[in-house]
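Numbering (our numbering), first residue to last: 295 to 572.
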């Protein structure tokens, strides 16, 4: 947090690469209980909407995590080039949050958040969770709630050449959020992005890992590098697909004991004798 209490993340400045984003929200920071009932979704993601008593009450329930969460909500929902500000009536601290992907145009303009906007923002938030709290550059692909494609370039796909995962769900309700793997992954592998690339179903609660994206998600246009929707528990959601740089992927036996690996007698990330010793 900057000294003036302004929370900012390092997003790419190029308009045609606005989806190249920095992630680092911890799982403990994804505290969105009460978003629907407190009026956040009803009042709109505008300065006036954030000035309501209901939003102020919600924000001050958890001053430790709410600023970071709001920085990611605004970056997911609001277009690049716009900001949202809020001053707490309890602490007097003023926050300024930067827009980014513009996934919820109606909500950003002051309308009540539609179900689709809730879902696509939830998917975006889940995609930005990092179990280790690290800020890792990633490529976020998909469509806005209005159906507009998030712009991307061939250069970006080349730089972020490692397919990673798919994210979907609804944090504004009790439905939860889900993550799947968009690549083959073995027990010998590990990553700085554990919440999507994992073989453990309970690794990153409240994000639930469901296994392979291809089991639940569809890609109507095979030429596109992203899924458009995922169906789980009988419900269909819009999804955000992510890619990372290959340097974020590790394998037991590559000669380096990564912080995601542990000593042991085996050849898995949790027990990697070759890299970390016995």
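Positions of the beta carbon are idealized from the N, C-alpha and C atoms, including for glycine.
Can you tell me which of the three DSSP states residue 369 falls into?
-> Looking at residue 369 - three-state DSSP - the assignment turns out to be helix.
Ends of the alpha helix (DSSP H) at residue 507?
-> Counting along the chain, the alpha helix (DSSP H) containing residue 507 begins and ends at 507–510.
Residues near residue 514 by beta carbon distance below 8 Å, same chain, minus five either side | 522
In angstroms with no decimal places, state the Cα-to-Cα distance between residue 292 and residue 418.
-> Outside the displayed range of the chain (295 to 572) lies residue 292, so it cannot be described from this structure.
If residue 524 and residue 511 are in contact, beta carbons under 8 Å, what's the gap, nearest whole angstrom?
-> The beta carbons of residue 524 and residue 511 sit about 4 Å from each other, so the pair counts as a contact at 8 Å.
Under three-state DSSP, which class holds residue 555?
-> Residue state, collapsed to three classes: coil.
Measuring alpha carbon to alpha carbon, tell me which of 483, 518, 470, 537 ends up nearest residue 504.
-> Checking every option, the nearest Cα to that of residue 504 belongs to 470.
Taking just the CA atoms, how far does residue 374 sit from residue 440?
-> 16 Å
Taking one C-beta from the region 551–570 and one from the region 456–464 each time, how about it: are there three or more such pairs within less than 8 Å?
-> No, the region 551–570 does not touch the region 456–464.
Would you give the residue range spanned by the beta strand (DSSP E) that residue 579 belongs to?
-> Any question about residue 579 goes unanswered here, given that the chain covers just 295 to 572.
CA-to-CA distance, residue 363 to residue 426, given in whole angstroms = 16 Å
Are the region 342–360 and the region 379–388 in contact at 8 Å, needing three or more beta carbon pairs?
-> yes
Which first and last residues belong to the alpha helix (DSSP H) in which residue 349 is found?
-> 347–355
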